[in-house]
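In this text, residue positions in the sequence shown follow full-length UniProt numbering: the first is 109, and each later residue adds one.
Glycine included, C-beta positions come from ideal geometry on N, C-alpha and C.
Keep in mind it's a predicted model, so treat the numbers as computed, not measured.
Beneath this line is the structure, given in structure tokens, with notes to follow.
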Amino acid sequence: ASAKAVQAQQAAEQAAAALTAEVLEREVGRRRNFAIISHPDAGKTTMTEKLLLYGGAIHEAGEVKARRSSRSATSDWMELEKQRGISITSTALTFDYNGCQLNLLDTPGHQDFSEDTYRTLAAADNAVLLVDGAKGIEPQTRKLFAVARLRGLPVFTFVNKMDRPALNGFEIVEQLEKEFGLQSFPVNWPIGSGDRFVGVYHRPSKKVVLYEKRGQAGRSKGATKAEYDLDDPDLKDLIETDLWEQLQEDVELLEVLGDELDLEGVMAGKVTPVFFGSAMNNFGVELFLQTFIQLASKPAGPAQTRSGVAVSPSSPNFTGLVFKLQANMDPKHRDKVAFVRVVSGKFEKGMKVRVARTGRTVTLAAPQRMFANERQTVQEGFAGDVIGLTNPGAFAIGDTLVTGPTLAFPPIPTFSPELFAYLRCPPNQKKPFLKGVEGLLGEGAVQVLYNTDDYITDPVLAAVGQLQFEVVQYRMKDEYGVDTTLEPLSYTVARWVKGGWAVLEGVGRLFNTTVMKDVYGRPVLLFRNDFALQQVLGEHADKLGELSPYALP
Ligand code: GDP
């Protein structure tokens with residue numbers, strides 16, 4: 109009888125394992141995780157709103173902004189946000205569409221963006237490049253695109269504001285090729301622009317979809333669509349002759365760009381599907397969403413661990429990557445939220461995980477996520493999901509969380525700082541000052557460098573955005589009670605010397621170069637501008653060896 113019991117037990121376990129595998133496959137398969145990269149004002153907030161609208165997560169456009177401001181009004185930490193009229197917090201929004209679960213990682217779009225913006229991209233599987241049709245590719249898009257490229261993310265391009273006078277579609281296609289080396293595959297193509305924007309030609313279905321102007325379409329998603337074949341005689345009556353002729357011509361020209369989508373090219377980040385529309389007028393967003401869920405990469409996460417082991421998103425053991433720490437999101441608790449991207453397995457509320465770095469076991473008791481900008485408690489999660497955890501002190505950026513064998517994902521790269529300043533404090537506040545610097549450094553709020561002369565002990569803050577300085581000063585005062593002053597330095601370029609001090613000594617004196625050290629004591633070269641760097645390279649490239657714009661892990 110006991111042999112039978114063992115057999116039954118084994119059968120039950122096998123059945124459970126099979127079921128788990130099936131659930132994992134299914135859940136991972138329906139997830140799409142992405143970040144929008146754009147220049148401020150291109151329409152990211154509007155686009156987000158419309159995506160949530162289609163996902164049924166909100167019911168009226170305008171809610172995202174309304175909630176955002178009501179939330180920041182109640183939070184003193186958000187005071188800074190409010191003063192500046194920007195969003196410092198960057199999290200993930202979750203919504204469903206046609207059976208898929210979409211996780212939109214929200215990257216702050218203000219020009220004072222910070223390293224968090226980059227880190228968020230490190231947790232994304234796809235990038236949506238949002239371009240203002242009138243302006244084309246803008247500076248901040250370039251910076252963010254470089255990170256997406258570094259990670260080889262598939263890129264989907266949405267050209268927005270077609271209801272305003274816009275560049276010719278072919279000009280945009282050319283910019284993508286020239287600036288980013290991206291080959292375009294237009295999925296739809298605009299017919300006119302500005303006041304004469306009448307709709308798009310949808311290439312896969314070979315249909316012309318006419319756009320209904322705002323007054324008729326209203327704010328809800330229920331805008332009716334009129335579809336026509338390209339050679340439908342009615343179409344000729346509906347749109348002006350020159351637009352009609354232009355369309356016929358464009359369609360022929362588009363054939364040159366190929367009529368087969370190279371999916372492998374998309375996955376490799378070499379070919380970008382391109383869409384045109386107007387987020388504000390709710391036109392083209394759903395066409396985008398429909399194609400996006402078909403083509404976007406499923407959760408991939410870090411492909412390998414540091415030791416080169418591949419981790420499958422649907423493997424049964426839970427693993428997660430801490431990619432961002434956010435302090436004091438909730439003013440009632442001085443808490444810190446660690447944002448974790450699930451890389452594999454199933455996340456469950458209350459589960460115990462090990463932090464690979466420290467070996468500590470932590471219970472994940474109050475996991476949260478943002479559903480259409482509202483905090484919710486998470487019961488379970490799968491690869492591609494982003495979960496907020498409030499376990500102060502347990503986590504650092506780049507930590508790997510595991511349930512099975514210990515493994516660690518590659519560190520999240522730090523990003524090349526472009527702004528530098530001494531941070532100083534009154535002599536009698538040295539102690540809390542040092543504690544504060546250490547705390548903020550540990551959270552990754554800012555990078556810190558030190559003078560090579562040991563008697564100059566004030567830290568040099570190194571940041572990618574001005575906002576990071578303001579956050580540091582604000583929190584120094586608010587959390588550590590220290591009044592700091594900032595003394596800006598006029599460097600804009602930093603390079604880490606891979607060969608270390610030995611190499612640097614071999615080179616001798618470098619003109620127009622300041623040498624500092626990072627928190628690990630490694631040499632960093634600072635230059636006023638790229639010209640100064642190029643001069644030094646011109647003279648000493650061979651002896652200096654490899655220089656890195658990033659701190660080495
Ligand atoms: P963000 O800074 O990228 O988040 O941009 P917003 O979504 O806040 O949009 C910036 C401005 O552009 C706002 O005034 C929007 O109403 C406007 N906008 C967004 N999408 C469109 C569009 O499709 N057409 C037009 N004409 N304006 C738009």
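Please report the residue range of the beta strand (DSSP E) in which residue i lies.
i	result
Arg-558	Just to set this straight, residue 558 is Tyr in the shown sequence, not Arg. Looking at the DSSP string, the run of the beta strand (DSSP E) that includes Tyr-558 is 555-559.
Ser-110	Ser-110 -> not in any beta strand (DSSP E); alpha helix (DSSP H) instead, spanning 110-137.
Ile-401	Run containing Ile-401: none in the beta strand (DSSP E); it sits in the alpha helix (DSSP H), 393-403.
Gly-496	494-497
Asp-240	234-240
Gln-487	Where Gln-487 is concerned, there is no enclosing beta strand (DSSP E), given that its DSSP letter is neither H nor E.
Gln-209	208-213
Met-624	622-626
Thr-469	469-471
Leu-515	Element bounds for Leu-515: n/a, residue is neither H nor E.
Ala-474	Run containing Ala-474: none; DSSP gives neither H nor E here.
Pro-407	No beta strand (DSSP E) holds Pro-407; DSSP gives it neither H nor E.
Val-632	631-635
Measure the CB-CB distance between residue i and residue j and report whether it falls below 8 Å.
i	j	result
Arg-414	Phe-431	no
Phe-288	Phe-266	no
Ala-120	Gly-260	no
Val-308	Val-382	no
Phe-264	Val-236	yes
Leu-527	Ala-571	yes
Val-632	Ala-610	no
Arg-636	Trp-604	no
Pro-262	Gly-277	no
Phe-142	Ala-404	yes
Asp-271	Gly-302	yes
residue 676	Lys-606	Nothing about residue 676 can be reported from this structure: the residues present for the chain run from 109 to 661 only.
Phe-447	Val-494	yes
Leu-365	Ser-292	yes
residue 662	Asn-211	Shown here, the chain extends from 109 to 661; a query on residue 662 therefore has no answer.
Leu-433	Gly-552	yes
Val-445	Thr-399	no
Leu-338	Val-374	no
Phe-490	Leu-132	yes
Tyr-588	Lys-543	yes
Lys-344	Leu-290	no
Determine the closest residue to residue i out of the options, with distance taken between C-alpha atoms.
i	options	result
Ala-464	Glu-353, Glu-456, Thr-427, Ser-524	Thr-427
Ala-504	Ala-124, Gln-537, Pro-519	Pro-519
Gln-487	Gly-501, Lys-454, Leu-515	Lys-454
Thr-215	Ile-144, Gly-307, Pro-521	Ile-144
Ala-129	Ser-452, Gln-398, Asn-390, Asp-650	Ser-452
Val-419	Ser-313, Arg-468, Leu-515, Asn-390	Leu-515
Gln-234	Val-364, Leu-213, Ile-245	This sequence places Asn at residue 234; Gln is not what is there. Selected option, being the one with the closest Cα: Leu-213.
Pro-540	Arg-630, Asn-499, Asp-586	Asp-586
Arg-311	Glu-320, Asp-303, Glu-335, Lys-651	Glu-335
Gln-396	Thr-156, Gln-642, Thr-600, Pro-421	Sequence inspection shows Phe at residue 396; the Gln mentioned does not correspond to that position. Comparing Cα-Cα distances from Phe-396 to each of Thr-156, Gln-642, Thr-600, Pro-421, the minimum goes to Thr-156.
Gly-646	Val-615, Tyr-628, Met-624	Val-615
Val-295	Glu-394, Asp-303, Pro-148	Glu-394
Asn-268	Lys-651, Asp-370, Ala-387, Leu-338	Ala-387
Asn-425	Met-459, Leu-433, Thr-498, Gln-398	Met-459
Val-470	Val-510, Val-627, Leu-433	Val-510
Ser-146	Leu-351, Leu-318, Val-114, Pro-247	Pro-247
Lys-314	Thr-349, Glu-348, Glu-360	Glu-360
Using 8 Å for Cβ pairs, my map puts residue i next to residue j. What's the rounded Cβ distance?
i	j	result
Leu-238	Leu-201	No, Leu-238 and Leu-201 are not in contact; Cβ-Cβ is about 15 Å, not under 8 Å.
Gln-555	Pro-535	With a Cβ gap of about 25 Å, Gln-555 and Pro-535 do not count as contacting.
Thr-621	Val-644	6 Å
Gly-492	Val-136	7 Å
Phe-203	Gly-163	3 Å
Val-590	Pro-567	Their Cβ separation, rounded to whole angstroms, is 13 Å, which puts Val-590 and Pro-567 out of contact at 8 Å.
Arg-468	Arg-462	7 Å
Cys-208	Ile-401	5 Å
Leu-549	Val-627	7 Å
Leu-594	Ala-529	5 Å
What are the boundary residues of the alpha helix (DSSP H) that includes residue i?
i	result
Lys-251	247-258
Glu-526	Run containing Glu-526: none; DSSP gives neither H nor E here.
Val-267	Counting along the chain, Val-267 falls outside any alpha helix (DSSP H), though it belongs to the beta strand (DSSP E) covering 263-268.
Leu-641	638-652
Phe-227	Looking at the sequence itself, residue 227 is Arg, so the reference to Phe does not match. 223-229 is the span of the alpha helix (DSSP H), which, as asked, contains Arg-227.
Leu-284	277-288
Leu-160	152-162
Val-445	First-last for Val-445: 444-452, but that is the beta strand (DSSP E), not the alpha helix (DSSP H).
Leu-612	608-615
With a threshold of 7 Å, establish whether the CB of residue i neighbours any heavy atom of ligand 2.
i	result
Gly-244	Judged by which ligands are present, ligand 2 is missing from the structure shown, whose ligands are ligand 1.
If you scan the region 549-600 from start to end, which runs of the beta strand (DSSP E) of 3 or more residues do you find wholly inside it? Here the runs fully enclosed are 555-559, 568-571, 593-597.
Pick out the complete alpha helix (DSSP H) segments inside the region 290-378, 4 residues or longer, and give them in chain order. Here the runs fully enclosed are 322-325, 341-346, 349-364, 371-375.
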